[in-house]
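Asker: Just add 473 to the spot in the sequence shown (first one is 1) and you have the numbering used here. A virtual CB, placed ideally from N, CA and C, is assigned to each residue, including glycine. These numbers come from a predicted model, not from an experiment. Pasting a structure below so you can have a look.
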Amino acid sequence: MQQRLILFPTMSLFLFITIILFRPPTFACAQIDSQYLNCSQKFECGNITDIGYPFWGSNRPQYCGHPEFELNCTGQTAVITIEELTYQVLEINSEEKTLKVARTDYIDNICPSNPVSTTLNFNYFSYTSDIQNITLYYGCPQSNPMPTLQDFTNQFSCNDSNGFFVTRNLSNLTAALMTYFRTCDVEVIVPANQSAAQSLENRPNQENLVIALEQGFGLEWRENSTCETCNISGGQCGSNSTDPSLFACYCTNGPDPFSCGRSQSSGSKSKSVSLGIGVGIAGAVVIGIGLGCWIFLYVQRKKRIAAQTKNKDLPTPPSSKSQPAPVINFSQTTPSYSSSKSDLEKGSTYFGTKVFSYEELVEATDNFDPSKELGDGGFGTVYYGILSDGRVVAVKRLFENNMKRAEQFMNEIEILTRLRHKNLVTLYGCTSKRSRELVLVYEYIPNGTLADHIHGNRSKSGLLTWKVRLSIAIETADALAYLHASDVIHRDVKTNNILLDNNFRVKVADFGLSRLFPIDCTHVSTAPQGTPGYVDPEYYQCYQLTDKSDVYSFGVVLVELISSLQAVDTNRHRLDINLANMAVNKIQNHAINELVDPMLGYDKDYAVRKMTTSVAELAFRCLQQEKDMRPTMAEVLEALKKIESEDYGSEKTEALDIKEDDVVLLNHVAPFSPDESVTTDKWVSSSSITTTTTSF
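Given below as structure tokens:
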């Protein structure tokens, strides 16, 4: 009788819970955000279908795309405007992030009313690799006899005036032809598909010129890096409805600046929590429904009571480590957090990255064993570690836990979690900012830094051939161009922050100094930033670093790749202590051969000689004192790719010389003082570790 009395209320309670839970909850039927629904729909424009972010137009609202990617849809055509020129969109490949476009003013017409060269906004677009420029000359004067191009019949008529088009490299033309073309009224450069340009070169006539221009050329677009994070979280990428220049992630319960699943508003949060609880409880009920459920609950209850009575005095098992991890008293350091578990839970939403407990990282590094040090710098020490899941990691332990270090700590987390690029180091996670120590956990890059291989303890290996160095330069430029396109400046570009894997692939690291840009020019930082030898000269005038400061620093890296010399070396002549200064002087004096590392084969290999000279010319463009005279990182990347793709095998050996215009440009570069009073942030390799190491 007593057992029946016990079971009856249990079964009654179970039936009551079942009835309540299977009644559809009102919060589960909450309306999905209309902006999310709008942006989740692909749209059509002209004869192109299945178009999504970053494009918008037609019936797709602007907030579902990016301001620079508006499509004007009329009839069977889609038109996009780039740098005030309109292009007909021929194809869009969302997976490859490429589109094919043709200039509308050149469709079925080679005589536009205002012929101008094609220009791009390299913050959002870049050319694909399969293009070739066609140069058109308008309003060329009559001459008797008319100049002829060997193997070319490329003259055309435009508004009763002479015109010419050239598909080959202009540097291959004769001096007489180049002199003649300078007398034409207008020179216009229009990209074309490489195969179409080559066909035009084989059959150079006006009809094939029209066809080549109509076939268009390829572009790659640079998507906001936060978009990937947004998509992974289940959101739809878009822009802020009130400020289109800002990214927005549209979620089922409303927009967020980065990704779904984060705390947005108290209302949205409560709905999400309620919905999650409802779904969880309903799932538990479904799993638990069965004839023996109430019997199982009763038996388990009896067993649990018996087990607790039997085992309540058993001691806790000792740690398997010979040296126990230090005990952290969170009640002393942070009164509102009584345990490491509470601290971990509070920090688990740091920009979507994993939060490790301090004890876990103590265990991974054997209590930060000095023999596991990978490097030491201005902000912290990096250790080799192995996580409990077997991953090999680099653990950066910041020196101090103060407000300034916390700001740099959070800054690096925010930047790295919103960026995804094959040449940027991956952040695995961090400790809570309220932890005993601030610690960052990165992927481990096993082959050291570029500095190690150029002029460090690995420089004698001979593995850094010119081909490898040029590839490193391209990959580093690619990463920096991506950062700038993502509104981030690195601010500490140097060979010590360029990590290399076992295949000499680049991973750019150390974002502690990085900043989102543009920086308000009224906010002047008086604190020293960067590393001696790499710092933008304009910094000493306005104490402000910009994206062009990264370009200057990268110019120093290029010179290091060419020369194998350190950015600053007090053992050199006093005028050559600063490598940037030394490089400018050598190039101005036509002495590049004195700058290039002899081990690269400069004197023996014509291709190496041409490429190193071209890279040197690019480097001094980056090293201009005035930032406005420097190229953008996107332009630097494009120039490096062009240098790599040039065919030097068929060219004859010729005397090397710097263009006269380049020397004039160099005259604007002021000498750079070697007495730079800025804090050095240089990693010192540990001599005690025997495994292959790297540093951040």
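Can you look up Gly734 in the DSSP assignment and give me helix, strand or coil?
Answerer: In this structure, Gly734 counts as coil in the three-state DSSP scheme.
Asker: From Asp1049 to Thr938, what distance separates their C-alpha atoms?
Answerer: Computed Cα separation, rounded: 25 Å.
Asker: Express the C-alpha separation of Arg864 and Ile918 in angstroms, rounding to a whole number.
Answerer: Looking at the two C-alpha atoms, the distance is approximately 12 Å.
Asker: Taking the alpha helix (DSSP H) that Tyr1075 falls in, what are its first and last residues?
Answerer: Here Tyr1075 belongs to no alpha helix (DSSP H), and DSSP marks it neither H nor E.
Asker: Are the C-beta atoms of Ser630 and some chain D residue less than 9 Å apart?
Answerer: Absence of chain D from the displayed structure is noted, only one protein chain being present.
Asker: Just to confirm before moving on: does the CB-CB distance between Cys584 and Asn632 stay below 9 Å?
Answerer: In contact: Cys584 and Asn632 (Cβ atoms closer than 9 Å).
Asker: The alpha helix (DSSP H) spanning Asn666 covers which residue range?
Answerer: First-last for Asn666: 659-666, but that is the beta strand (DSSP E), not the alpha helix (DSSP H).
Asker: Between Val1081, Met1102, Ile1060, which lies nearest to Ile1116 when the distance is taken from Cα to Cα?
Answerer: For Ile1116, the nearest C-alpha among the options comes from Val1081.
Asker: Can you give me the start and stop residues for the beta strand (DSSP E) that Ile553 sits inside?
Answerer: 550-555 is the extent of the beta strand (DSSP E) around Ile553.
Asker: Quick one: give me the first and last residue of the alpha helix (DSSP H) that Gly1028 is part of.
Answerer: 1020-1036 is the span of the alpha helix (DSSP H), which, as asked, contains Gly1028.
Asker: Looking at C-alpha atoms only, which residue of Glu1099, Pro1104, Lys1100 is the closest neighbour of Leu1091?
Answerer: With distances taken between Cα atoms, Leu1091 lies closest to Pro1104.
Asker: Considering Cys703, what are the terminal residues of the alpha helix (DSSP H) in which it resides?
Answerer: First-last of the alpha helix (DSSP H) with Cys703: 699-705.
Asker: Which partner residues of Asn678 appear in the DSSP bridge assignment?
Answerer: BP columns for Asn678 are empty, so no partner.
Asker: Have a look at Thr640 and Arg655 and give me their C-alpha separation to the nearest angstrom.
Answerer: Distance between the alpha carbons of Thr640 and Arg655 is about 17 Å.
Asker: Report the residue from Thr547, Lys869, Asn697 whose alpha carbon sits nearest the alpha carbon of His957.
Answerer: For His957, the nearest C-alpha among the options comes from Asn697.
Asker: In the DSSP assignment, what residue or residues form a beta bridge with Cys903?
Answerer: Answer is Val828, Leu913.
Asker: Round the Cβ separation of Val1030 and Thr949 to the nearest angstrom and send it over; I've been treating them as touching at under 8 Å.
Answerer: Yes, they are in contact, since the Cβ atoms of Val1030 and Thr949 sit about 7 Å apart, within 8 Å.
Asker: Ile555 to Arg1094, Cα distance in whole Å?
Answerer: If you take the alpha carbons of Ile555 and Arg1094, they lie about 26 Å apart.
Asker: Measuring straight from C-alpha to C-alpha, what distance separates Asp716 and Val552?
Answerer: Spanning the two alpha carbons is a distance of roughly 24 Å.
Asker: Give a yes or no on whether the C-beta atoms belonging to Leu1034 and Leu943 are separated by under 9 Å.
Answerer: Closer than 9 Å, so yes.
Asker: What's the gap between the Cα of Arg1047 and the Cα of Glu693?
Answerer: Their backbone Cα atoms lie some 46 Å apart in a straight line.
Asker: Pick out whichever of Val941, Leu892, Val914 has its Cα sitting closest to the Cα of Ile859.
Answerer: Nearest of Val941, Leu892, Val914 to Ile859, Cα basis: Val914.
Asker: According to DSSP, what are the bridge partners of Gly711?
Answerer: In the DSSP output, where bridge partners are listed per residue, Gly711 has Ala721.
Asker: Rounded to whole angstroms, what's the CA-CA distance from Asn681 to Gln615? Just pull it up for me.
Answerer: Straight-line Cα distance between these residues: approximately 24 Å.
Asker: Check for me: the alpha helix (DSSP H) holding Ser1118 runs from which residue to which?
Answerer: Run containing Ser1118: 1106-1118, per the alpha helix (DSSP H) assignment.
Asker: Can you tell me whether DSSP reads Tyr597 as helix, strand or coil?
Answerer: Note: Tyr597 maps to coil in three-state DSSP.
Asker: Quick check: the region 556-566 against the region 531-539, are there 3 or more CB pairs under 8 Å?
Answerer: Verdict: no, contact absent.
Asker: Regarding Asp960 and the ligand FAD, is the C-beta to nearest heavy atom distance less than 8 Å?
Answerer: Absence of the ligand FAD is noted for the structure shown, with no ligands found whatsoever.
Asker: Quick check on Thr995: does DSSP put it in helix, strand or coil?
Answerer: For Thr995, the predicted structure reports a pLDDT of 32, less than 50, and the residue's modelled location is therefore unreliable. A value from the coordinates is still provided. Three-state DSSP puts Thr995 in coil, outside helix and strand.
Asker: Locate the beta strand (DSSP E) running through Asn1054, then write down its first and last residues.
Answerer: Not the beta strand (DSSP E): Asn1054 falls in the alpha helix (DSSP H), residues 1052-1061.
Asker: Tyr509 by DSSP, collapsed to three states: which one?
Answerer: Residue state, collapsed to three classes: helix.
Asker: With 16 as the cutoff for other CB atoms within 10 Å, does Lys933 come out buried or exposed?
Answerer: Answer is exposed; the Cβ neighbour count stays below 16.
Asker: Hey, Ala1089 and Leu1068: beta-carbon distance below 9 Å or not?
Answerer: Cβ atoms of Ala1089 and Leu1068: closer than 9 Å.
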